[in-house]
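In terms of the UniProt record's numbering, the sequence shown opens at residue 1 and continues consecutively. A virtual CB, placed ideally from N, CA and C, is assigned to each residue, including glycine. Contents: one structure, followed by commentary.
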Amino acid sequence: MVGTTPRNTGVEGVEGGVGLTALLVAAARAIETHRHDTLARDVYAEHFVLAAPASAGWPVRIQQVPDGDTNPLWGRFARYFGLRTRVLDDFLLRSVHSGGARQVVLLGAGLDTRAFRLDWPPGCAIFEIDRDGVLAFKHQVLDGLSATPKAARIPIPIDLRADWVPALADAGFDPAAPSVWLAEGLLFYLPPAAETYLIDTVDRLSTQGSALAFEVKLEKDLSEYRDSPLYTATKHQIGIDLLRLFDGEPRPDSVGDLAGKGWSTSVRTPFDFTRQHGRGPLPEQNDALAGNRWVFANKPRP
Ligand SMILES: C[S@@+](CC[C@H](N)C(=O)[O-])C[C@H]1O[C@@H](n2cnc3c(N)ncnc32)[C@H](O)[C@@H]1O
1 MVGTTPRNTG VEGVEGGVGL TALLVAAARA IETHRHDTLA RDVYAEHFVL AAPASAGWPV
61 RIQQVPDGDT NPLWGRFARY FGLRTRVLDD FLLRSVHSGG ARQVVLLGAG LDTRAFRLDW
121 PPGCAIFEID RDGVLAFKHQ VLDGLSATPK AARIPIPIDL RADWVPALAD AGFDPAAPSV
181 WLAEGLLFYL PPAAETYLID TVDRLSTQGS ALAFEVKLEK DLSEYRDSPL YTATKHQIGI
241 DLLRLFDGEP RPDSVGDLAG KGWSTSVRTP FDFTRQHGRG PLPEQNDALA GNRWVFANKP
301 RP
């Protein structure tokens, strides 16, 4: 189906390559959890960070960061992930509680623990798709904590550059029932063909009343802000070169694609939500976050 690219291959677990970004987000969520004005609590996050040799020395509280909130990585970038977690928690809960969907598909789930920490209505099924090594590490940590999910949780170890639809169908996903989909911090790591396939697939498997949220980066972000403090700090402090992990090819217009398929779409900046919540990152000069957009899409009922 879709081809592979050396950018995203190689290390299949959390110890390197794109899998390591799952630990970065977990560390950010751990820090957010312990803030006095937290936007999102994830009590599992720090356990992932401390369990992986690659991240065991990273901070899990802002007090462990010598320059605290002025640190571009563990201050502002981590707060960004905290805000993103909260906004997408709210999206998912709204979609199941008022929208009525009972199937949730987390694409590139990484170390997302929403199945364990959110209050899902009865009858919900959470499908978590990520690569085998990432999910294996996640299960090792969660099993050690005797964590119990608050909904039926179905992990699906597969690479999203392959044809992942049969695995989702085998796992019990029902395309005739409404669904909620989330691609949080994922699409910019995928080749354009895999993103197009993902959007087409979500549309094809979504009945009316379904919803999708995803994150994109405007292309100008990748060229204009290459020396942004966020990218530089992430590379120098913990060795994750995000610009190298991102797929560098021109991106498809997924928002336009969905609109053309009849979905209603709303494109927001993270800063919109910072203002709404009264905390989170605000615009800066030379800002890698300036090109991030959070897209909310609904397939209308007749
Ligand atoms: C930045 S992390 C985000 C994880 C999670 N959505 C969150 O926000 O906490 C990116 C995730 O995408 C996953 N990912 C990247 N490329 C993938 C692929 N080709 N197939 C499956 N998962 C992939 C990585 O393994 C990683 O867990």
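Query, Result
"Beta carbon proximity, ILE129 to chain C, threshold 8 Å", "Absent from the structure: chain C. Only one protein chain is present."
"Environment of PRO72 [buried if 16+ CB atoms lie within 10 Å]", "buried"
"Own chain partners of THR5 with C-beta closer than 6 Å, once the 5 adjacent residues on each side are dropped", "Legend: pLDDT at THR5 = 40, less than 50; position of this residue unreliable, value from coordinates given subsequently. Contacts found: PRO191."
"Beta bridge counterpart(s) of LYS217 as assigned by DSSP", "ASN292"
"Which of helix, strand or coil DSSP assigns to GLY3", "Bear in mind that a pLDDT of 41 at GLY3, under 50, signals an unreliable position, so the number given afterwards is only what the model happens to contain. Three-state result, GLY3: coil."
"Three CB pairs or more closer than 8 Å across the region 262–278 and the region 291–299", "yes"
"Contacts around GLU128, its chain only, beta-carbon distance under 6 Å, and the 5 residues preceding and following it disregarded", "LEU106, ALA109, PRO155"
"Helix, strand or coil at SER95 according to DSSP, with G and I counted as helix", "helix"
"Near ligand 1: ASP130 beta-carbon under 7 Å from a heavy atom", "yes"
"Inter-residue Cα distance where the pair is TYR189 and VAL14", "15 Å"
"Three or more C-beta pairs below 8 Å linking the region 52–63 and the region 85–92", "no"
"Distance between ARG301 and TRP263 (C-alpha atoms, nearest Å)", "10 Å"
"beta-carbon VAL25 near ligand 1 non-hydrogen atom, thresh 7 Å", "yes"
"Cβ distance (whole Å) where PHE48 is taken to contact VAL134 below 8 Å", "The pair is not a contact, with the Cβ atoms about 10 Å apart (cut-off 8 Å)."
"CB-CB length for VAL96 against PRO121, believed under 8 Å", "6 Å"
"Straight-line Cα distance separating LYS220 from SER146", "44 Å"
"Spatial distance of PHE77 from ALA152 (CA atoms)", "32 Å"
"Supposed close pair ALA44, PHE116 - CB separation, criterion 8 Å", "At residue 44 the sequence reads Tyr, which differs from the Ala that was named. Indeed they touch by this definition, with Cβ atoms about 6 Å apart."
"Endpoints, the alpha helix (DSSP H) within which GLN237 is located", "229–238"
"Continuous beta strand (DSSP E) stretch holding VAL65: start and end", "Premise fails: VAL65 is in no beta strand (DSSP E) and is neither H nor E."
"Reference THR21; option with closest CA among ILE240, LEU83, ARG251, PRO283", "ILE240"
"PRO166, DSSP secondary structure in three states", "helix"
"Top-ranked residue by Cα proximity to ASP67, from GLN237, LEU289, GLU284", "GLN237"
"C-alpha distance - THR234 paired with ASP170, whole-angstrom precision", "38 Å"
"Alpha-carbon to alpha-carbon, LEU92 and PRO250", "29 Å"
"Three-state class that DSSP yields for PHE273 in the structure shown", "helix"
"Buried versus exposed call for LEU39 [16 or more other C-beta atoms within 10 Å across all chains shown]", "buried"
"Of the residues LEU218, ASP227, CYS124, ASP112, the one placed nearest residue 330, counting alpha carbons only", "Any answer about residue 330 is impossible in this case: the structure gives the chain only from 1 up to 302."
"Closer than 7 Å: LEU186 CB and nearest ligand 2 heavy atom", "The ligand content of the structure shown is limited to ligand 1, which means ligand 2 is not among them."
"Assigned exposure category for residue 322 - 16 Cβ within 10 Å defines buried", "Absent from the model: residue 322. The displayed extent of the chain is 1 to 302, so no value can be given."
"Cut-off 6 Å between Cβ atoms - residues of its own chain near ARG41, not counting five sequence neighbours on either side", "THR33"
"For PHE116, three-class secondary structure by DSSP", "helix"
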